[in-house]
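See below for the structure under consideration.
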Amino acid sequence: MLTRRAVLAPIVLGAASFAARPFPSSGPNTFKHGLGTMAASRGRLYGCATSTYQLRDSDFVRALEREATILVAEYEMKRAALQPEPGDYDFTAADALLHFARAHGMAFRGHTLVWHKANPPWLPDALSTRNENLLTGYIQAVAGHYRGQMHSWDVVNEAIAPGAAGNLRETLWLKAFGPNYIDLAFHAARAADPNALLVYNDQGCEAGGANNDRFRAATLDFLERAKARGVPIDAYGMQGHLQAFGTAVDQRKLRDFLERLKALDLRILITEHDVDDSGGPSDIAVRDRAVADASRRFLDVALDNSAVGAVLTWGLSDRFLDFAGWHAMLKGYTPRMLPLDGAFARKPLWNAIAAAFLSAAPAGRAAGR
Ligand code: G3I
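Numbered per the working numbering, the sequence shown finishes at 380, counting up by one with no gaps.
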């Protein structure tokens with residue numbers, strides 16, 4: 012039986028200095044409990060985006076098994092991967108990711124049913140017919156294929172553009188079906204997979220700048236109107252992409268925004284958290300500390316809201332961030348945006364996320380919902 016003390020002791024000891032350095036040598040790189048265990052001690056899930064090519068790395072799989080209790084496909088559940096040709100569906104890679112998650116007792120998120128990116132090349136022309144089945148038929152096929160197996164679906168991703176007509180991004184979907192494409196998508200998803208959480212997923216509301224103020228206002232207006240129309244949106248997915256050396260999170264503005272989402276009876280998922288360390292010095296310790304501090308500043312507020320049920324990082328290890336090594340060549344560094352380094356050792360960001368989970372208020376619903 013994993014007691015809270017067994018989990019808390021080494022973490023809290025290390026957490027006190029989390030921003031300065033990774034845990035003492037006896038700390039987290041040997042500490043057998045992962046972030047998912049700490050999240051679970053507060054009724055939450057922790058996980059990350061992953062891909063089938065990453066699952067071929069056995070060291071990575073060991074780290075993933077230790078840390079994650081929920082997974083999401085980084086790109087293999089997007090339409091370009093699932094429907095390369097009209098009418099044909101290829102679920103092979105997505106099925107493999109789902110089977111891995113289920114075999115390891117992990118939850119699984121679907122990302123994403125409707126987006127203006129990562130679509131197959133034939134889709135834009137096909138949409139000139141304005142045939143709604145190109146939208147609803149795809150959702151029925153995909154969400155139907157995974158019916159009853161998903162924690163949640165990102166039904167619509169990144170539809171808001173503050174200042175555009177109706178604050179909606181001018182996408183191929185808006186052009187084909189008007190603003191109603193959002194309602195059509197959520198109703199189709201509810202019908203296809205009635206027990207999954209249906210999520211509107213976006214970014215732009217995390218940091219404190221004037222653009223983010225506009226994004227928060229537009230997002231709240233969008234969600235309030237959608238809920239008033241009876242659109243079955245269960246949760247807001249806050250992507251959580253932060254900048255270590257850019258505009259910081261304004262904790263008061265973030266807290267107020269999350270409270271207003273909760274007041275709309277929405278759950279909140281942190282769906283793609285990472286901290287971009289570009290613009291920082293070459294000193295890795297300085298970059299790691301800034302990344303950890305930015306994450307803690309964000310998560311302390313997010314996890315203080317009982318509507319937040321899960322935190323996913325947009326990857327687990329830095330190893331897969333820099334395929335061609337061009338960062339190292341051109342910029343003299345490789346990104347350090349994720350909880351584990353390229354050798355799967357835990358970093359100050361891991362400490363920060365662990366400490367944020369353990370010092371947080373419990374979630375207000377069943378684990379991760
Ligand atoms: O297709 C190849 C595949 O054959 C190969 O095996 C694999 C490994 O080399 O790479 C695949 O290439 C690309 C893949 O990223 C590598 O992870 C895909 O072609 C490319 O489309 C894909 O880009 C993804 C992008 O969304 C578009 O789908 C990124 O991984 C992913 O990080 C990014 O994620 C988005 C979220 O979905 C929405 N929020 C913003 C976020 C960051 O841009």
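The beta-carbon is built from N, C-alpha and C at its ideal position, and this holds for glycine as well.
Of the listed residues the options, nearest to residue i (C-alpha basis)
{"i": "L135", "options": "L185, I244 and L275", "result": "For the record, residue 135 in the displayed sequence is Pro; it is not Leu. The shortest Cα separation from P135 among L185, I244 and L275 belongs to L185."}
{"i": "G58", "options": "H162, W133 and A170", "result": "H162"}
{"i": "I279", "options": "D165, A200 and T80", "result": "D165"}
{"i": "L272", "options": "A237, D294, S139 and A203", "result": "A237"}
{"i": "A239", "options": "W126, L277 and A175", "result": "L277"}
{"i": "L253", "options": "F268, T282, E270 and L46", "result": "T282"}
{"i": "T48", "options": "R73, F71, Y64 and R77", "result": "R77"}
{"i": "H284", "options": "A255, L109, R298 and T345", "result": "A255"}
{"i": "A79", "options": "L145, L332 and L327", "result": "L327"}
{"i": "N191", "options": "V167, A207 and N206", "result": "V167"}
{"i": "P131", "options": "L183, A172 and A154", "result": "L183"}
{"i": "H10", "options": "A60, G116 and G155", "result": "The shown model of the chain, from 12 to 380, leaves out residue 10, and the question about it has no answer."}
{"i": "D304", "options": "G320, R180, A363 and A339", "result": "A363"}
{"i": "K358", "options": "G375, A321 and R300", "result": "R300"}
{"i": "D245", "options": "Q262, F233 and V210", "result": "V210"}
{"i": "G219", "options": "F309, L138, L208 and T140", "result": "F309"}
{"i": "I193", "options": "F226, D204 and V242", "result": "V242"}
DSSP three-state assignment for residue i, whether helix, strand or coil
{"i": "T348", "result": "The identity of residue 348 in the sequence shown is Met, whereas the question assumes Thr. Correct three-state label for M348: coil."}
{"i": "I150", "result": "helix"}
{"i": "S328", "result": "strand"}
{"i": "N212", "result": "strand"}
{"i": "T80", "result": "coil"}
{"i": "F334", "result": "coil"}
{"i": "I364", "result": "helix"}
{"i": "H44", "result": "coil"}
{"i": "M117", "result": "coil"}
{"i": "T282", "result": "strand"}
{"i": "A374", "result": "coil"}
{"i": "L179", "result": "strand"}
{"i": "D99", "result": "coil"}
{"i": "D11", "result": "Nothing can be reported for residue 11: it is not among the residues displayed for the chain, which extend from 12 to 380."}
{"i": "T258", "result": "coil"}
{"i": "D323", "result": "Checking the displayed sequence, the identity of residue 323 turns out to be Leu instead of Asp. Looking at L323 - three-state DSSP - the assignment turns out to be strand."}
{"i": "R357", "result": "strand"}
{"i": "S36", "result": "Below a pLDDT of 50, predicted positions are generally treated as unreliable, and S36, at 37, falls in that range; no measurement from the model is reported."}
Span of the beta strand (DSSP E) around residue i
{"i": "S163", "result": "S163 to N168"}
{"i": "A246", "result": "A246 to M249"}
beta-carbon residue i near the ligand G3I non-hydrogen atom, thresh 7 angstroms
{"i": "W164", "result": "no"}
{"i": "F102", "result": "no"}
{"i": "W337", "result": "no"}
{"i": "A129", "result": "yes"}
{"i": "F119", "result": "no"}
{"i": "S62", "result": "yes"}
{"i": "Q160", "result": "no"}
{"i": "Y247", "result": "no"}
{"i": "F226", "result": "no"}
{"i": "F334", "result": "yes"}
{"i": "W325", "result": "yes"}
{"i": "H122", "result": "yes"}
{"i": "E85", "result": "yes"}
{"i": "N222", "result": "no"}
{"i": "N142", "result": "no"}
{"i": "Q94", "result": "no"}
{"i": "N191", "result": "no"}
The alpha helix (DSSP H) enclosing residue i, as first and last residue numbers
{"i": "V312", "result": "I295 to A313"}
{"i": "H252", "result": "Element bounds for H252: not the alpha helix (DSSP H) but the beta strand (DSSP E), H252 to Q254."}
{"i": "H127", "result": "It is not in any alpha helix (DSSP H) - H127 carries neither H nor E in the DSSP assignment."}
{"i": "L56", "result": "Looking at the DSSP string, L56 is not in any alpha helix (DSSP H); the run it does join, the beta strand (DSSP E), is L56 to T61."}
{"i": "I171", "result": "Careful: I171 lies outside any alpha helix (DSSP H) and carries neither H nor E."}
{"i": "N223", "result": "A221 to A239"}
{"i": "K89", "result": "No alpha helix (DSSP H) contains K89, which DSSP labels as neither H nor E."}
{"i": "D194", "result": "N191 to A203"}
{"i": "H138", "result": "For the record, residue 138 in the displayed sequence is Leu; it is not His. Unbroken run through L138: none, as it is neither H nor E."}
Contact test: residue i Cβ vs the ligand HEM heavy atom, cutoff 7 angstroms
{"i": "H284", "result": "Among the ligands in the structure shown, the ligand HEM does not appear; only the ligand G3I can be found there."}
Contact with chain C by residue i, beta-carbon distance below 8 angstroms
{"i": "I150", "result": "Of the protein chains in the structure, only one exists, and it is not chain C."}
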